[in-house]
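My numbering puts the first residue of the sequence shown at 48, with every later residue one more than the last.
One structure is given here, and the rest of the page talks about it.
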Amino acid sequence: MTTKPIVVGTDGSEHSARTVEWAAREAVLRSAPLRIVAAPEILPRMSATPMAAGIGTVATSLLRERDQALAAAALVAAAAAPGLLIDTDPVDGPPAQAVTASGSGALLLVVGSHGSGAFPAMVIGSVSRYAVVHASCPVVVVRDEATVTRRLIVVGIRNPLDCGAALGFAFEEARLRQAALLAVHASPTGDPAGAERTAVELDELLDDWRSKFPDVDASRDVVIGHPGEALADLSARASLVVLGRHDANGRPGPARVIHAAVSHAHGPVVIVPPQGS
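If you want it as structure tokens, here you go:
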């Protein structure tokens, strides 16, 4: 069994419970333990020390609700994956940063796309927006899942010459799930020459990866349209949509594509950080 866990954030909401269920099933698939974290936002002016005996503070109420959310999430995970090794961990600090930091060294960090938790100071949607940009491990944003009729991993390719981390992750997922893989490049401009050039580059790229993963049925598509919208549409028939993240290094990153895909996808989307992050 791997020692790296899958980490999932919870805020006590119904959507968060479905996110925990998804993470628990993924932990079983990977023979990995599950770590459930929660972090309500305790502002500096909030005191966790009661002003008088028997009188609680806002902070103590938030901490109590955090602990209740963790306990409830552990029950959800245990029901979804009997026998799974589950750990619950309250983490300190601003929720987005604390939950994101908890994914350091994890196989995956799993968060919900939205939430209205028992403690509103930790709305899971704000966590997902931060995590997909800053996490050092792959981040899965779980939306309300569509009924997927075929096993398919869709990976968005922005630049065929700079997509190794995302494409490698996608091939690993396809092999793990015994799924087909579809590499998609979408461009809002209808440039036939550019599309043909990209198609050739994708064919050459996939040939290299097919030699490493001969058991994965891999194909490609070059489409005209906004990349985020195209990937969101494809997510309705995919087990998982994979996108690479390009950190700021003098080049514009595809943050708008990531947020568009995450906001409108019909199923889980994973954001893979660049190699070496």
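In this text, a Cβ means the ideal position worked out from N, Cα and C, and glycines have one as well.
Note that this is a predicted model, so its numbers are computed, not measured.
Within its chain, find whatever has a CB closer than 8 Å to the CB of residue i; leave out the 5 residues flanking it on each side and keep chain order.
i: Ser94; result: Model confidence at Ser94 stands at a pLDDT of 48, short of 50, so the residue's coordinates are unreliable; what they give is reported in the following sentence. Taken in chain order, the residues that qualify are Thr104 and Ala106.
i: Leu223; result: Leu76 and Arg77
i: Pro321; result: Ala212, Gly291, Arg292, His293 and Asp294
i: Leu131; result: Ala71, Ala74, Val75, Pro80, Leu81, Ala124 and Ala125
i: Val158; result: Val55, Gly56, Thr66, Val146, Ile171, Val174, Ser175, Ala178, Val186, Val187, Val188 and Val189
Closest to residue i by CA distance: which of the options is it?
i: Ala182; options: Leu155, Ile200, Val201 and Arg190; result: Leu155
i: Ile204; options: Val289, Ala285 and Glu251; result: Val289
i: Glu61; options: Lys51, Val123, Ala86 and Val247; result: Val123
i: Val263; options: Ala213, Ala312, Gly56 and Glu220; result: Glu220
i: Val84; options: Arg72, Glu73 and Ser63; result: Ser63
i: Ala71; options: Ala240, Ala312 and Ala125; result: Ala125
i: Leu110; options: Ile133, Pro137, Gly130 and Ala128; result: Pro137
i: Thr236; options: Leu278, Leu208 and His273; result: His273
i: Arg284; options: Ile305, Asp255 and Ile200; result: Ile200
i: Ile53; options: Thr135, Pro129, Ala227 and Glu112; result: Thr135
i: Asp255; options: Phe218, Glu243, Ile305 and Leu117; result: Phe218
i: Leu247; options: Leu208, Lys259 and Leu228; result: The residue you asked about is not Leu; residue 247 is Val in the sequence shown. That would be Leu208, whose Cα lies nearest to the Cα of Val247.
i: Gln115; options: Ser258, Gly59 and Ala242; result: Gly59
i: Ser234; options: Lys259, Ser258, Pro261 and Val304; result: Val304
i: Phe260; options: Ala127, Asp139, Gln225 and Ala148; result: Gln225
i: Lys51; options: Trp69, Ile133, Glu243 and Ser108; result: Ile133
i: Ala128; options: Ala148, Trp69 and Gly140; result: Trp69
i: Ala242; options: Gly314, Asn206 and Ala148; result: Asn206
Using DSSP with H/G/I as helix, E/B as strand and the rest coil, what is residue i?
i: Ala165; result: Residue placement at Ala165 cannot be trusted, given a pLDDT of 46 that sits under 50; what the coordinates show is reported in the next sentence. The answer is coil: DSSP assigns Ala165 none of H, G, I, E or B.
i: Ser94; result: In this predicted model, Ser94 has a pLDDT of only 48, less than 50, meaning its place in the structure is not dependable enough to derive any value.
i: His306; result: helix
i: Asp238; result: coil
i: Asp209; result: coil
i: Thr126; result: First, the amino acid is wrong: residue 126 is Ala here, not Thr. Three-state DSSP puts Ala126 in a helix.
i: Gly152; result: coil
i: Gly275; result: helix
i: Ala285; result: coil
i: Ala246; result: helix
i: Asp136; result: strand
i: Val263; result: coil
i: Ala79; result: coil
i: Gly291; result: strand
i: Leu199; result: strand
i: Leu131; result: coil
Rounded to the nearest angstrom, how far is the Cβ of residue i from that of residue j, given a contact under 8 Å?
i: Ser175; j: Val309; result: 7 Å
i: Ala230; j: Arg267; result: 4 Å
i: Leu253; j: Ala240; result: Not confirmed; about 21 Å, so no contact.
i: Ser282; j: Val316; result: 7 Å
i: Ala279; j: Ala312; result: 5 Å
i: Val180; j: Ala307; result: Wrong, their Cβ atoms sit about 14 Å apart, outside the cutoff.
Note down, in chain order, each residue of its chain lying with its Cβ closer than 6 Å to the Cβ of residue i, except the 5 sequence neighbours on either side.
i: His232; result: Ile204, Thr245 and Val269
i: Pro142; result: Ala86, Glu88, Met169 and Val174
i: Glu276; result: none
i: Cys184; result: Gly150, Ala153 and Leu156
i: Val319; result: Pro185, Ala212, Ala213, Phe216 and Gly291
i: Gly300; result: With a pLDDT of only 44 at Gly300, under the threshold of 50, the placement of this residue in the model should not be trusted, and no figure is reported.
Once the 5 residues before and after residue i are set aside, which same chain residues still bring their CB inside 7 Å of it?
i: Gly297; result: Only weak support is given to the placement of Gly297: the predicted model assigns it a pLDDT of 39, under 50, and the question is left unresolved by the model.
i: Val67; result: Val55, Thr57, Ile83, Ala120, Val123 and Ala124
i: Gly215; result: none
i: Asp250; result: Arg267
i: Cys210; result: Ile204 and Gly291
i: Ala99; result: Low confidence applies here, because Ala99 scores a pLDDT of 49, under 50, leaving its location unreliable; read the following figure in that light. No residues qualify anywhere along the chain.
i: Arg113; result: Ala85, Pro87, Pro137 and Phe166
i: Leu117; result: Thr57, Ile83, Ala85, Thr135 and Pro137
i: Ser160; result: Gly172, Ser175, Val188, Val189, Arg190 and Val309
Can you confirm whether residue i, when its beta carbon is compared against all beta carbons of chain D, has any partner nearer than 8 Å?
i: Leu76; result: Absence of chain D from the displayed structure is noted, only one protein chain being present.
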